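Chains as they are written, first to last, in the numbering used here: chain A, 1 to 289; chain B, 1001 to 1782. Where is the CB? At the ideal position from N, CA and C, for every residue including glycine. Since this is a predicted model, take the numbers as computed values, not measurements. Before any comments, here is the structure.
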Amino acid sequence: MIPAAFDYLAPATLEEAIRALGTHGEEVKLLAGGHSLLPLMKLRLASPTLLVDLGRIPSLGLISQEGDKILIGALSTHYQIESSKLLKEKCPLLPQTARVIGDVQVRNRGTIGGSLAHADPAADMPAPILALAGELRATGPQGERRLKAEDFFLGLMATALSPTEILTEIRVPLLSGRCGTAYLKAPQKASGFALVGVAVWLKLSASGICEDIGIGVAGLAAKPFRAKGVERRLRGKNLNPSLIEEAASHTAQGVDPMEDIHASGEFRADLARLYAARAIQEAAKRAGV
Amino acid sequence: MPVSKLVGAKVRRREDPRLIRGLAHYVDDISLPGILHVAILRSPYAHARIKGIQTEAALQVPRVVAVFTGSDIGDRVGAVPVASQNPTLRVPKRAVLASDKVCFVGEAVAAVVAEDRYAATDALDRIRVDYEPLPVVSDPEKALGRESPVIHSEWPDNVAFRWTLKQGNLSKVFKDADKVVKQRLVHQRLAPIALEPRGVVARYFPGEGELTLWSSTQIPHLLKTQLSLMLKLPENYVRVIAPEVGGGFGSKLNVYAEEALLGYLAMKLNRPVKWIEGRRENIQATIHGRGQVGEVEVAAERDGTILGLQYRVIADIGAYHQLLTPGIPPLTGLMLSGAYKIPAISIEVTGVFTNKMSTDAYRGAGRPEATYVVERMMDRVARELGMDPVKIRRKNFPKPKEFPFKTATGLVYDSGNYQLALDKALKLVGYEKWKRQQKRLRSQGRYLGIGLSTYVEICAMGPSAAMPAGGWEYGAVRVEPTGKVTILTGVSPHGQGQETSFAQIVADELGVEIDDITVIHGDTAVVASGIGTFGSRATAVGGTAVLQAAQRVKEKAREIAAHLFEADLEDLVFADGKFSVKGVPKKGITLEQIALEAHMARKLPKKMEPGLSATAVFEPSNFTFPFGAHICVVEVDPKSGAVEIKKYVAVDDCGKVINPLLVDGQIQGGIAQGLGQALYEEVIYDENGQLLTGSLMDYALPRAKDVPRFELARTETPTPVNPLGAKGVGEAGTIGSTPAIVNAVVDALSPFGVTHIDMPLRPEKIWRLCQAKEAASAGGRR
Ligand SMILES: Cc1cc2nc3c(=O)[nH]c(=O)nc-3n(C[C@H](O)[C@H](O)[C@H](O)COP(=O)(O)OP(=O)(O)OC[C@H]3O[C@@H](n4cnc5c(N)ncnc54)[C@H](O)[C@@H]3O)c2cc1C
Chain A
1 MIPAAFDYLA PATLEEAIRA LGTHGEEVKL LAGGHSLLPL MKLRLASPTL
51 LVDLGRIPSL GLISQEGDKI LIGALSTHYQ IESSKLLKEK CPLLPQTARV
101 IGDVQVRNRG TIGGSLAHAD PAADMPAPIL ALAGELRATG PQGERRLKAE
151 DFFLGLMATA LSPTEILTEI RVPLLSGRCG TAYLKAPQKA SGFALVGVAV
201 WLKLSASGIC EDIGIGVAGL AAKPFRAKGV ERRLRGKNLN PSLIEEAASH
251 TAQGVDPMED IHASGEFRAD LARLYAARAI QEAAKRAGV
Chain B
1001 MPVSKLVGAK VRRREDPRLI RGLAHYVDDI SLPGILHVAI LRSPYAHARI
1051 KGIQTEAALQ VPRVVAVFTG SDIGDRVGAV PVASQNPTLR VPKRAVLASD
1101 KVCFVGEAVA AVVAEDRYAA TDALDRIRVD YEPLPVVSDP EKALGRESPV
1151 IHSEWPDNVA FRWTLKQGNL SKVFKDADKV VKQRLVHQRL APIALEPRGV
1201 VARYFPGEGE LTLWSSTQIP HLLKTQLSLM LKLPENYVRV IAPEVGGGFG
1251 SKLNVYAEEA LLGYLAMKLN RPVKWIEGRR ENIQATIHGR GQVGEVEVAA
1301 ERDGTILGLQ YRVIADIGAY HQLLTPGIPP LTGLMLSGAY KIPAISIEVT
1351 GVFTNKMSTD AYRGAGRPEA TYVVERMMDR VARELGMDPV KIRRKNFPKP
1401 KEFPFKTATG LVYDSGNYQL ALDKALKLVG YEKWKRQQKR LRSQGRYLGI
1451 GLSTYVEICA MGPSAAMPAG GWEYGAVRVE PTGKVTILTG VSPHGQGQET
1501 SFAQIVADEL GVEIDDITVI HGDTAVVASG IGTFGSRATA VGGTAVLQAA
1551 QRVKEKAREI AAHLFEADLE DLVFADGKFS VKGVPKKGIT LEQIALEAHM
1601 ARKLPKKMEP GLSATAVFEP SNFTFPFGAH ICVVEVDPKS GAVEIKKYVA
1651 VDDCGKVINP LLVDGQIQGG IAQGLGQALY EEVIYDENGQ LLTGSLMDYA
1701 LPRAKDVPRF ELARTETPTP VNPLGAKGVG EAGTIGSTPA IVNAVVDALS
1751 PFGVTHIDMP LRPEKIWRLC QAKEAASAGG RR
């Protein structure tokens, strides 16, 4: 449980960090909260020769509002997100998700950027970011890129980030009107990660029709995804329990569920349907259905 | 007897301040000049021949001092010992480092010694071992099959030992019974997961020829003896120290390869060495618990009277024996009468080698298995007969006047009132109210379950005649010249709190302030002899030795006082910490004054030896048998398989209580671990013998939020076995709780036709059973 030797750099600016990434090639790793990377290093499943610590770049850790968007610095910790007044009022889905990540220590160290960049299929944060159709911004030697959440996750621990890019910011919409959100997860008992986690955001019209809805699912498949088939079945409809249940029954459709000692694919798929139904119900209730 | 002030009182643990403030010294806190660090290379294969090991590259790593393999050590270190008198026992040789072949994932094959842990760990990656994989068997039932690979070629099959016990006319009982209920039961393997993994520091003084070994152990004295045998050193040149030990649960009631290895390395290199186990090593190479698969059959009359029980069980031994491995399943066998009068009982144990780490004692050690068998079956039989689980238990309890109660398995239960404990628990939980609630909620499609366990267990181990290496305990009490009191005990507390409870006992006996007492344990050079802490024995056996030593000190003090007062012994009274002559209470003499006289030795009675100390060795005449009733209420969500504990009530009787805080703490921790087995924990190896639950990201322990509030209560039935009247409480919570929780979940799912689920009760298992039922009834409707 001791990592191999490595060098450590803590640049004060983004530019320096990007430069460090470029010069050391494959062997360099960014360090955010370290709560995914360090365990891998201790098990020697990762042995970078240089760690570039993002922790000294102050601009990366801020949460702010810009027009109808909330900007979340990639280095914001789960705890910052959980306790942000702005998010709690204007985009409660993120605090609702952050709350159920790990334990207090994990939430105090782990970051949203680290979680998204690591792309653990069982991580919680990708689900709400997908549900909210968030936008991710990354900076590399070629400058800044904007990525849609949907295009960001490519597969098992694989993202659209290039090795020389740094994820800097996540943008989510400011929710207004009759909105409701919910994140529900069935935790893997040992790790606390999601066997299945479902994030739901929905908006009702004045007459109670579901105007828009976003559903993100973590844990079920090798990559987190948006349950578009379910969304489609609910958009423009009057939400009621049997409709919700019917729609949610399509959550795992076309998905190849993961299997391990903690749950079979069959069980994961059924949990996804159940948790989707329950999360949609909960979100609808919060929106005042 | 003086008026009891402290015994029975809620005295706060005196050991906590240093623990809470991080000031205690565990093995890893011990640092010696010139110390070297050891890292161990472990086999990634469950079964493989070692064709060669290349260590040169490892030796090139800067700061590496030496690398050792099994062939470097040869037979200079003896094999890992096993203590058993079983004549059928097969003992494969377990070397401290494997040299010809490895038999489980995690078996040690080489040791790197370096100036620091980093270098030692780096060098592990540079050792090349040429393995030739061999066929693996990890399932104990398959290991008995004809087709199975044989792990140890000295023998024709994988049978490690057999053990049977049979009493009563079983064939007749089963033929005549109104009802026979059969069930297959699996007691999954568990990892003890002490908060502090193992660790060893060894130091050798070549001039003095003295080896000192610090180890995170529960049994320093037994370890000293075994180390001297393994290292071929005279025992009086070996000293073992158990410093602060961060939990054991039986996992440190052992003699491990690493302990002897470190002793050898210290002697060989003439430098102190340290090895600290990592958590992954801890799950791979520290003993596991449980691991039984059995078929039980119970014969009963229509009115619920239990007539007989037979249990055929396969015990999953692992690749080798550890110290007590073959001794655990017999404890299951002996306790198969549970808290009931069962006239005919038989058990057949087959110990089986598998390509896995050894099983051995884990909190409860054999008794949780027995309790689970019996308590699960009481529910199964009750259900078959349409009886309430409470009623069938009542029907079969021995009555209070039937104690001492002799079981068919040959034990004599010392004392008990099982009915009383159950009644108290029923009242506390509100049994009838929950029954009504269950009925009401079922009609709304919600599933409550109520589970009972009325356990009895065997502890305070134990009479020496029934133990593999002595069951007595040593205690000494010394009053220093300044009047301070030092207790020396052969038990080796590691969380149980005897630095508090033993001080309570002696404070009362000698009338001194508890703050003037210190309790020393865990150092074989300081404490003359001892057996250790396990089998819920420390207070009942070790505490009695301490009490008896204190009584002897008091007798001597009385003689000195009588001499100083020039009075007859019978005319002395002892009150408020002072001896005085009857009728003259004002002119008293304190223990402090007597201690000074005893050490100055100028005015002592003729022929009296100076000093004021005494030792005692207590040999118990029997085990003790704590008991109790646990009741658990759960709600199960059949759609997700989730189990929620809504209420948990435990009434435990551990005999006389010395300190209620310590007893409650033991019960709470015990239930948490029992709950872990019922719901979450399982060591899983795949068919290739790969450990799939090798870290705490995959081995599911209960967390604080999974553990509900336990409502605890007590009955107090003293044991006649020792003068304290104390039975033991270290394992009771674990033993009693597991079946209560499983019974509750099975009860909740009875509308789905569920009669049994194997542990751990993972959501998926529950979900599957409910799905099957829904599918079946949907099919039926169509
Ligand atoms: C005990 C424990 C329990 C946990 N439980 C949960 C849980 O229940 N749910 C859950 O979702 N997670 C859980 N986690 C994971 C936790 O949320 C991690 O903190 C998170 O997944 C990674 O964030 P980090 O800041 O620690 O990233 P790090 O570990 O520092 O980095 C992770 C990876 O992302 C890369 N990276 C980090 N930041 C950036 C960036 N800005 N741009 C590009 N690449 C970057 C790193 O190079 C590295 O490869 C748990 C972790 C632990 C240790």
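- For A/D124, the distance from the CB to the nearest heavy atom of ligand 1 is below 7 Å.
- C-alpha of A/A218 to C-alpha of A/G134: approximately 15 Å in a straight line.
- In this structure, the CA atom of B/R1012 is about 25 Å from the CA atom of B/D1523.
- The beta carbons of B/D1652 and B/P1626 sit closer together than 8 Å.
- Around the CB of B/Q1496, 16 or more other CB atoms lie within 10 Å, so the residue is classed as buried.
- The beta carbon of B/E1635 sits closer than 6 Å to the beta carbons of L1448, E1644, K1646 from its chain, once the five residues preceding and following it are set aside; these are given in chain order.
- Note that the region 1529-1539 of chain B does not touch the region 1694-1704 of chain B; fewer than 3 beta-carbon pairs, one per stretch, sit closer than 8 Å.
- Residue-level contact check: B/G1278 touches chain A, since one or more beta carbons of chain A fall below 8 Å from its beta carbon.
- Here B/L1749 carries a coil assignment [DSSP, helix/strand/coil].
- A/P39: member of the alpha helix (DSSP H) spanning 37-42, first to last residue.
- Taking every protein chain shown into account, the CB of A/M258 has 16 or more other CB atoms within 10 angstroms, so this residue is buried.
- At a threshold of 7 Å, A/L161 counts as near ligand 1, since its beta carbon sits closer than that to one of the ligand's heavy atoms.
- Taking C-alpha positions only, B/S1171 is separated from B/R1162 by approximately 21 Å.
- The alpha-carbon separation between A/A186 and B/E1764 amounts to approximately 11 Å.
- Look at the beta carbons and you see the region 78-95 of chain A not touching the region 41-54 of chain A: under three pairs across the two are nearer than 8 Å.
- Residue state for B/P1326 is assigned as helix, using DSSP reduced to three classes.
- The continuous alpha helix (DSSP H) containing B/A1120 extends over residues 1117-1124.
- As summarised for the region 1046-1119 of chain B, the continuous alpha helix (DSSP H) elements at least 4 residues long and confined to that stretch are 1056-1060, 1070-1073, given in chain order.
- Collapsing the DSSP output to three states places B/W1434 in a helix.
- Beta bridge pairing from DSSP links B/T1489 with B/G1475, B/H1521.
- B/Q1167 is bridged by DSSP to B/I1345.
- Annotation: Cβ neighbours of A/D270 in chain B (cutoff 9 Å, chain order): K1639, S1640, W1767, Q1771.
- For the 8 Å CB-CB criterion, B/V1105 and B/G1669 do not form a contact.
- Counting only runs of 3+ residues, the beta strand (DSSP E) found wholly inside the region 1214-1241 of chain B occupies 1238-1241, in chain order.
- Neighbourhood of B/D1698 in chain A, by CB distance below 8 Å: A190, S191, I261, H262, in chain order.
- A straight-line Cα-Cα distance of about 41 Å links B/A1048 and A/F153.
- Your pair B/V1137 and B/S1148 checks out as a contact, with CB atoms roughly 5 Å apart and the cut at 8 Å.
- A distance criterion of 7 Å places the beta-carbon of A/V198 beyond contact range of ligand 1, judged by its closest non-hydrogen atom.
- Note on geometry: alpha-carbon atoms of B/T1518 and B/Q1551 lie some 17 Å from one another.
- Cβ-Cβ distances below 7 Å link B/F1397 to A1339, Y1340, Y1418, Q1419 in the same chain, with the five nearest sequence neighbours on each side left out; the list follows chain order.
- The beta-carbon separation of B/G1483 and B/A1595, rounded to 5 Å, stays under the 8 Å limit for a contact.
- Just measuring C-alpha positions, the residue of B/R1380, B/A1066, B/Q1438, B/A1242 sitting nearest B/H1521 is B/A1242.
- C-alpha of B/I1514 to C-alpha of B/A1726: approximately 20 Å in a straight line.
- Closest in C-alpha terms to A/A199, from the list A/K189, A/G177, A/S205, A/K228, comes A/K228.
- Where B/R1376 is concerned, the enclosing alpha helix (DSSP H) starts and stops at 1367-1385.
- Below 8 Å, enough C-beta pairs join the region 200-216 of chain A and the region 281-288 of chain A to call them touching: three or more.
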